[in-house]
Amino acid sequence: MGTGRIRCPRVSAPPLRAPGTMVPRGAVTAQGDHVPFKSGAAMICLVLGLFAGLFHSAFGGVNERTFVAIKPDGVQRRLVGEIIRRFERKGLQLVGMKLLQASEELLKEHYISLRDRPFYGRLVRYMSSGPIVAMVWQGLDVVKTVRTMIGETNPAESRPGTIRGDFCVEVSKNVIHGSDSVESAQQEISLWFRPEELPCWEDTAAHWIYE
1 MGTGRIRCPR
11 VSAPPLRAPG
21 TMVPRGAVTA
31 QGDHVPFKSG
41 AAMICLVLGL
51 FAGLFHSAFG
61 GVNERTFVAI
71 KPDGVQRRLV
81 GEIIRRFERK
91 GLQLVGMKLL
101 QASEELLKEH
111 YISLRDRPFY
121 GRLVRYMSSG
131 PIVAMVWQGL
141 DVVKTVRTMI
151 GETNPAESRP
161 GTIRGDFCVE
171 VSKNVIHGSD
181 SVESAQQEIS
191 LWFRPEELPC
201 WEDTAAHWIY
211 E
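Structure follows, in structure tokens:
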């Protein structure tokens with residue numbers, strides 16, 4: 001069982017190579033082996049592989065993080081407290097939160113993957129029409145958990161008990177945003193928060209939530 005220790009992202013060294021394991025050409029292993037480089041591509045693949053391993057170690061498991069934004073309609077309708085209550089009662093850890101009026105430049109960057117969609121301009125105007133509560137939540141499988149708790153993009157397709165199923169009627173006013181993957185969560189967190197805005201703090205309830 002856990003001890004209630006601080007569950008903050010950590011970067012650990014890659015594991016030692018097991019005897020007989022193939023090593024990429026040019027790699028220097030933990031045992032000190034060296035294989036000459038065949039090409040620059042080999043180095044690129046090796047470096048990307050190492051970074052992928054470090055990223056998974058630092059931001060996986062109970063350290064996984066996701067970005068959540070309560071949209072202007074959710075703020076105006078006084079749903080902020082209810083939404084936070086649901087996530088906290090689930091056992092998720094809040095590691096960052098701020099109220100801000102997002103600029104169009106920030107929102108265009110956030111929704112850059114939708115820039116060719118016909119509703120893009122309307123979406124940016126809606127998101128910049130009032131204050132937003134931006135948050136970072138942490139926990140085991142938090143990206144998937146939060147998306148499930150939020151519900152479908154279209155409130156009409158969301159189950160009762162989800163945030164959108166309980167509080168939304170129209171797809172253009174669907175109250176809340178949550179990252180759809182671990183990768184997009186990391187990008188969105190970096191876009192909306194500076195590192196110093198995400199303090200590490202000891203979650204003393206962690207040992208009651210995780211084994």
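Take the sequence shown: its position 151, counting from 1, is numbered 151 in the UniProt record's numbering, and each next residue is one higher.
All C-beta atoms in this analysis are idealised placements derived from N, C-alpha and C, irrespective of residue type, glycine included.
In this text the structure is predicted, and so the values were computed from the model without any measurement.
Cβ neighbours of residue i in the same chain (closer than 8 Å, five flanking residues each side left out)
{"i": "Q101", "result": "S128, G130, P131, I132"}
{"i": "residue 225", "result": "Residue 225 lies beyond the range of the chain shown here (1 to 211); nothing can be said about it."}
Integer-rounded CB distance, given that residue j should sit under 8 Å from residue i
{"i": "V143", "j": "V182", "result": "5 Å"}
{"i": "D73", "j": "V171", "result": "Not confirmed; about 12 Å, so no contact."}
{"i": "T66", "j": "V146", "result": "5 Å"}
Residue i - DSSP class collapsed to helix/strand/coil
{"i": "V68", "result": "strand"}
{"i": "I176", "result": "strand"}
{"i": "L79", "result": "coil"}
{"i": "S181", "result": "coil"}
{"i": "P195", "result": "helix"}
{"i": "E188", "result": "helix"}
{"i": "A206", "result": "helix"}
{"i": "V62", "result": "helix"}
Short Cβ contact (8 Å threshold) for residue i with residue j
{"i": "I150", "j": "G121", "result": "no"}
{"i": "E64", "j": "D116", "result": "no"}
{"i": "G139", "j": "V62", "result": "yes"}
{"i": "L114", "j": "L123", "result": "yes"}
Same chain, Cβ closer than 7 Å to residue i, neighbours up to 5 away in sequence not counted
{"i": "G96", "result": "M135, V136, F193, E197, L198"}
heavy atom of the ligand COA below 7 Å from residue i C-beta
{"i": "S172", "result": "Within the structure as shown, the ligand COA is missing, as the structure has no ligands at all."}
Please list the segments of the beta strand (DSSP E) lying wholly inside the region 82-168, counting only runs of 3 or more residues, in order along the chain. Here the runs fully enclosed are 93-100, 132-138.
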